[in-house]
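Have a look at the structure below, then the notes.
Set out below in structure tokens:
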């Protein structure tokens, strides 16, 4: 709570005064000031993903033979990650769902989906793991699995941007608290 997480590292790394980045910063500022977690965004796609995640995890474990270890939140300094699963001492897995037409395109491209690079590389950074699989699922479609390894230059870029974001976040929280004190005085 109150720290940037791997699932939002792409937002943290956004250049300029992006509305999404600012909104995320204000959410974290609110968490820090109130000590309460803010509500997270949900829509039919994220709800579908949550409902299918167990089935996708089981299929991934069956097809790969991996022993999946479910873990909670991993914190490292002023950042964190909530991995879907850790595997052995060096790996992990991120489980996603996509609509059939999007999954079909992903299967044909046979590449690690770039929209998940910041999250997965960030999770590798936070968890200190060496590799991560992404498993993308939809019932009736082939399971897409692609492994990626640590990309140290990219991880350094994430770390730098997270540090900048956290410095801005401290400044925002300080400003809000000062204004609150001024009103109370």
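In my numbering, the protein residues as written are 4 to 188.
Glycine is no exception: its CB is placed at the ideal position from the N, C-alpha and C atoms.
All values derive from a computational prediction rather than experimental measurement.
Open item on the list: Spatial neighbours of residue 101 within its chain, please: C-beta separation below 7 Å, excluding the five flanking residues on both sides.
Closed with: Closer than 7 Å at the Cβ level, and outside the excluded window around residue 101, lie 109, 139 and 141.
TODO: For residue 16, count neighbouring Cβ atoms within 10 angstroms of its own Cβ and tell me buried if that reaches 16, exposed if not.
DONE: Per the 10 Å Cβ criterion, buried.
- [ ] Mark residue 119 as exposed unless 16 or more other C-beta atoms lie within 10 angstroms of its C-beta, in which case mark it buried.
- [x] Of the other Cβ atoms in all chains shown, 16 or more fall within 10 Å of the Cβ of residue 119; this residue is therefore buried.
TODO: Taking residue 131 as part of the alpha helix (DSSP H), name the residues at either end of that continuous run.
DONE: Element bounds for residue 131: n/a, residue is neither H nor E.
Open item on the list: Cutting at 6 Å between CB atoms, please list the residues of its own chain near residue 126, excluding the five before and the five after it.
Closed with: Cβ within range, chain order: 9, 84 and 86.
TODO: Would you tell me roughly how many angstroms separate the C-alpha atoms of residue 146 and residue 63, rounded to the nearest one?
DONE: Those two C-alpha atoms are separated by around 7 Å.
- [ ] Decide if residue 2 is buried, meaning its Cβ has at least 16 other Cβ atoms within 10 Å, or exposed.
- [x] With the chain covering 4 to 188 only, the question about residue 2 has no answer from this structure.
TODO: Just grab the DSSP bridge partners of residue 189 for me.
DONE: With the chain represented from 4 up to 188, any question about residue 189 goes unanswered, as that position is not in the structure.
Task: Distance CB(residue 133)-CB(residue 152) smaller than 8 Å - done: Cβ atoms of residue 133 and residue 152: closer than 8 Å.
Open item on the list: Under 8 Å: do the segment 31-41 and the segment 51-63 share three or more Cβ pairs, one atom per stretch?
Closed with: Two segments are said to touch when three or more pairs of C-beta atoms, one from each, lie closer than 8 Å; by this definition the segment 31-41 does not touch the segment 51-63.
TODO: For the segment 69-78 and the segment 16-28, state whether three or more C-beta atom pairs, one from each stretch, are separated by less than 8 Å.
DONE: With the cut-off at 8 Å, the segment 69-78 and the segment 16-28 do not touch.
- [ ] Tell whether a beta-carbon distance below 8 Å holds between residue 7 and residue 168.
- [x] Yes.
Task: First and last residue of the uninterrupted alpha helix (DSSP H) at residue 33 - done: Segment 22-37, the alpha helix (DSSP H) holding residue 33.
Task: Rounded distance between the beta-carbons of residue 135 and residue 94, thought under 8 Å - done: Separation of the CB atoms of residue 94 and residue 135 is rounded to 6 Å, and the pair is thereby assigned contact status at 8 Å.
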